[in-house]
Each structure stands twice: as C-alpha cells, then as structure tokens.
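Protein chains in written order, with full-length UniProt numbering: chain A, 1 to 301; chain B, 1 to 125.
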C-alpha cells in the first residue's frame with residue numbers, strides 16, 4: 001500500500017482525533033443501571049397486563065432502552081449510558097404502573113357489576129324470604145283459626161253434653177248434695193221384699209246407664225236401704241241385693257263394673273220414721289251417688 | 001500542514017467532539033417540561049402515594065435549574081429528562097395505587113355482600 005503525501009500529513013490529525021474520541025468512548029459495554037433497566041424490561045415484557053393496557057408506555061420504554069443499548073454498544077460515555085438507562089428504567093416502571101392502574105380500573109368496573117348482581121340477588125332473596133314468611137304467617141293464622149273453631153266446637157259440644165246431662169238428671173229427679181248428685185230409686189222400682197227391678201226400675205236404670213256412657217269420667221256408688229221391719233240381718237242382705245241388682249242392670253247396659261261401687265246399709269240411715277206405712281216406704285230405697293267428674297265419692301258419715 | 005485540508009479537518013474534529021462535550025443550546029424547554037410533570041404528579045397525590053419518586057423529581061428539577069443558570073446545558077437537559085421520567089413514574093404510581101385501592105374496596109364490598117347473602121340464604125332454608 002502506497003502512502004501519499006496527503007496521508008502522511010493527515011496521520012497526526014487522525015491520531016489526535018482517535019485520542020479525543022477515546023476520551024469519551026472508554027465506556028464498557030454495560031453499566032449497573034443499564035443491567036437493571038434490561039432486567040426490568042424483561043419483567044415488563046412478560047407481564048400480560050403491560051401488553052394489554054400500557055402499549056404506548058411500553059413502546060416509549062422500549063425506545064428509551066434501545067437508545068441506552070445503542071449508546072452502550074457505540075461505547076459512549078458511562079454518564080451518557082447511565083443517563084439513557086436511568087430514563088429507560090423509569091419509563092419501564094411507569095409502563096408497569098400504568099398497566100396496574102388500568103387493570104385496576106377494569107377490575108373496578110367488573111367488581112361494581114358483580115356488586116350490582118349480588119345486590120339484586122340479595123333483594124330477590126329478601127323478597128323470597130318475605131313471601132315465605134308471609135305464607136307461613138298465613139298458614140299459622142289458618143291453623144290458629146282451625147284450632148279456635150275446634151275449641152269452639154268442643155266447648156259447644158261440652159255445653160250440649162252438660163245440658164243433656166242436666167236434662168237427664170232432671171228426668172231422674174236427681175238432687176245436688178255435698179257428696180255429689182244423688183238419684184233416689186223408691187221401692188216401687190223393686191218387687192216387694194225382692195231384689196228384682198220392675199219395668200219402671202229398669203227404665204230408670206237405663207237412663208242412668210246413658211248418663212254414665214256419656215260421662216265416662218264419672219263413677220257411681222249404689223247404696224241400698226230398708227225400713228226397720230224384719231231382722232236387721234235380713235234387711236242388710238236385702239239392701240245389698242237390691243244395690244247389686246242395680247249394678248247388674250248397669251253392667252248389662254254396658255257400664256264397666258269397676259265404675260260401680262255397691263253398699264247395703266239395711267235399716268240404717270232412715271230418711272223418715274218407721275211408724276206409718278208411708279214413712280216406711282220412704283225408707284225402702286236405693287240411692288245412687290254420681291261422682292263429680294274425675295273425683296271419688298265421699299263415703300257416708 | 002496545508003491550510004486547504006486543515007480547516008475542514010478541524011471542523012470535523014470539533015463536530016465529533018461536540019457530540020460528547022457540553023451542549024451549547026439552553027435546555028430551558030426541558031426544564032419547563034419536567035417542572036410541569038412534577039406539578040401533575042403532585043396533583044395526582046404522589047406526595048403521599050409515591051413520595052420517593054416525587055422527591056427525586058423535585059430535586060432534579062432544582063439541580064437542572066441551577067445547571068441552566070450555570071450554563072451547563074448538557075447537565076441541565078440530562079437532569080430535566082431524569083426529573084420528567086421520575087415525575088411520570090410518581091404520577092403513574094399514585095394513580096395505580098388509588099385505582100387498586102378503589103378496586104380492592106369494591107371487591108371487599110362484594111365479598112361482604114356475598115357473605116351476607118349466603119348467611120341469609122342458609123337462614124331461610
């Protein structure tokens with residue numbers, strides 16, 4: 001290669017130029033700020049929110065990083081590379097923040113819609129609950145009305161039963177006493193000196209049986225009495241047999257024997273003197289004590 | 001050395017050197033832009049939500065102003081560009097923090113409503 005005089009002349013100049021350039025081109029290929037910017041860039045690149053929401057900002061960051069990379073590859077000053085790398089790093093971070101903000105705004109809209117849906121569901125549920133509770137209240141009111149009607153009917157039936165009993169007892173010429181309701185069957189209901197009920201006695205006992213059937217919470221005590229004619233033992237035995245005859249008749253009419261107690265008192269407890277035939281007839285009798293509902297009969301004192 | 005060649009060569013050297021030497025054009029516009037960016041960031045709430053970035057931006061704007069006064073235009077431009085990048089980051093951090101808080105608040109709200117709804121539903125069954 002031949003060297004012209006011009007070239008020889010230029011050589012010192014070129015050397016000085018090279019020296020001048022080397023003063024600001026002693027830069028290494030990278031700096032810590034550039035390294036940081038590059039690694040931030042990789043992170044931003046792999047963030048899908050950035051590519052979705054911050055395209056412009058990411059493009060600006062890319063341009064800034066390219067400028068820094070070019071400065072580094074052209075071995076410009078550390079200061080210049082650092083300056084460009086710093087700006088690139090901040091722009092990359094800005095792109096990340098912008099993406100975060102816009103994603104949050106989108107999330108906010110979705111959440112707000114979701115909130116409206118949940119509120120709607122809540123209102124629907126409230127309405128449903130209100131409807132159910134109204135239905136329940138209505139059903140309860142219906143049930144209460146039915147119970148009241150039933151109770152009313154029961155009261156009416158009880159009243160009717162009480163009235164019927166009162167009428168039946170009136171028919172039996174019953175008397176209210178401390179021991180309970182007493183029905184007195186006179187001796188005309190028995191054959192003389194016998195313990196067999198006459199047809200009139202049978203009819204009376206049937207009425208009593210009806211009362212007992214309709215008032216199952218009551219029991220009876222049947223007490224037999226005689227006048228003082230004849231021996232005491234005979235009288236006791238006769239009064240006992242007559243009381244038993246009433247129990248038998250009740251039993252045949254379907255009244256359980258456990259509800260019927262029997263006592264023969266003979267000539268004891270006269271209700272009249274024994275001097276006249278009329279008074280003696282009053283003493284010959286069977287008294288039937290009807291208990292109060294659910295209570296035992298007090299014994300004769 | 002022939003003057004015919006020396007002058008253009010010196011010009012070329014000066015041009016090459018100027019690329020990494022102090023710039024001669026004032027960076028007034030750059031400083032103004034970064035100052036505005038700092039104001040925008042402050043208005044977006046960066047003082048509370050991105051204090052470090054906002055402070056860095058403010059300091060760099062001040063340094064850039066001083067460099068401008070000292071006619072160190074390259075330094076002024078560099079600092080102004082850094083300040084603008086810092087301010088924009090501060091602003092976007094503040095914005096994203098507020099947006100994230102708002103989104104979280106509504107999400108919490110939805111969660112509470114759902115829990116209430118679930119309780120109401122299970123109470124009704």
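Don't be surprised by glycine CBs; every beta carbon is placed ideally from N, CA and C.
Partner residues on chain B for residue i, Cβ-Cβ distance less than 7 angstroms
i              : result
residue 157(A) : Simply none; closest approach about 41 angstroms.
Cutoff 8 angstroms; reference residue i; Cβ partners in own chain excluding five residues on either side
i              : result
residue 33(B)  : 80, 84
residue 165(A) : 211, 214, 215
residue 60(B)  : 34, 79, 80, 82, 83, 86
residue 104(A) : none
residue 241(A) : 195, 224, 264
Delimiting residues of the beta strand (DSSP E) encompassing residue i
i              : result
residue 176(A) : 175-177
Span of the alpha helix (DSSP H), counted from its first residue to its last, around residue i
i              : result
residue 108(A) : 78-171
residue 213(A) : 199-214
residue 70(A)  : 55-73
residue 51(B)  : 51-69
residue 247(A) : 232-252
residue 32(A)  : 32-45
residue 41(B)  : 28-43
Beta-ladder partner(s) of residue i, from DSSP
i              : result
residue 290(A) : 181(A), 220(A)
residue 262(A) : 222(A)
residue 307(A) : Since the displayed chain A opens at 1 and closes at 301, residue 307(A) lies outside it and no answer follows.
Residue i: contacting residues in chain A (beta-carbon distance under 8 angstroms)
i              : result
residue 88(B)  : 90, 91, 94
residue 110(B) : 111, 114, 115, 118
residue 30(B)  : Simply none; closest approach about 12 angstroms.
Contact set for residue i: own chain, Cβ-Cβ below 6 angstroms, skip 5 residues either direction
i              : result
residue 22(B)  : Caution applies to residue 22(B), whose pLDDT of 47 falls short of 50 and renders its modelled position unreliable; the model cannot decide the point.
residue 25(A)  : Any answer about residue 25(A) is weak, because its pLDDT of 47 lies below 50 and its placement is not dependable; what the coordinates show is given next. Once the five neighbours on either side are set aside, the close Cβ partners of residue 25(A) are 75.
residue 183(A) : 172, 174, 288
residue 273(A) : 279
Under 7 angstroms from the C-beta of residue i: neighbouring residues of chain A
i              : result
residue 42(B)  : Going along chain A, no residue has its Cβ under 7 angstroms from residue 42(B), so there is no contact; the nearest lies around 16 angstroms.
residue 92(B)  : 94, 97, 98, 101
residue 114(B) : 118
residue 106(B) : 108, 111, 112, 115
residue 70(B)  : The premise fails here: residue 70(B) is roughly 17 angstroms from chain A at the closest Cβ pair, so nothing lies under 7 angstroms.
residue 103(B) : 104, 107, 108, 111
9 angstroms Cβ cut-off: residues of chain A touching residue i
i             : result
residue 96(B) : 96, 97, 98, 99, 100, 101, 102, 103, 104
residue 82(B) : 83, 86, 87, 90
residue 47(B) : Simply none; closest approach about 16 angstroms.
Cross-chain neighbours of residue i in chain D, by beta carbon under 8 angstroms
i              : result
residue 125(A) : You won't find chain D in this structure, because its protein chains are A and B.
Same chain, Cβ closer than 7 angstroms to residue i, neighbours up to 5 away in sequence not counted
i             : result
residue 40(A) : 89, 92, 93
Residue nearest to residue i in terms of C-alpha spacing, selected from the options
i              : options                        : result
residue 71(A)  : 37(A), 53(A), 30(A)            : 30(A)
residue 44(B)  : 92(B), 100(B), 58(B), 72(B)    : 92(B)
residue 226(A) : 203(A), 252(A), 193(A)         : 193(A)
residue 247(A) : 132(A), 116(A), 219(A)         : 219(A)
residue 256(A) : 221(A), 285(A), 283(A), 276(A) : 221(A)
residue 40(B)  : 114(B), 57(B), 28(B)           : 57(B)
residue 53(A)  : 117(A), 97(A), 127(A)          : 97(A)
residue 258(A) : 59(A), 150(A), 265(A), 217(A)  : 217(A)
residue 179(A) : 223(A), 163(A), 63(A), 267(A)  : 223(A)
residue 37(A)  : 139(A), 189(A), 95(A)          : 95(A)
residue 64(B)  : 122(B), 30(B), 102(B)          : 30(B)
residue 110(A) : 103(B), 118(B), 96(B)          : 103(B)
residue 262(A) : 61(A), 238(A), 143(A)          : 238(A)
Interface residues of chain B facing residue i [CB-CB closer than 9 angstroms]
i              : result
residue 130(A) : The premise fails here: residue 130(A) is roughly 10 angstroms from chain B at the closest Cβ pair, so nothing lies under 9 angstroms.
Residues that residue i contacts on chain B, provided the C-beta gap is smaller than 8 angstroms
i              : result
residue 122(A) : 113, 116, 117, 120
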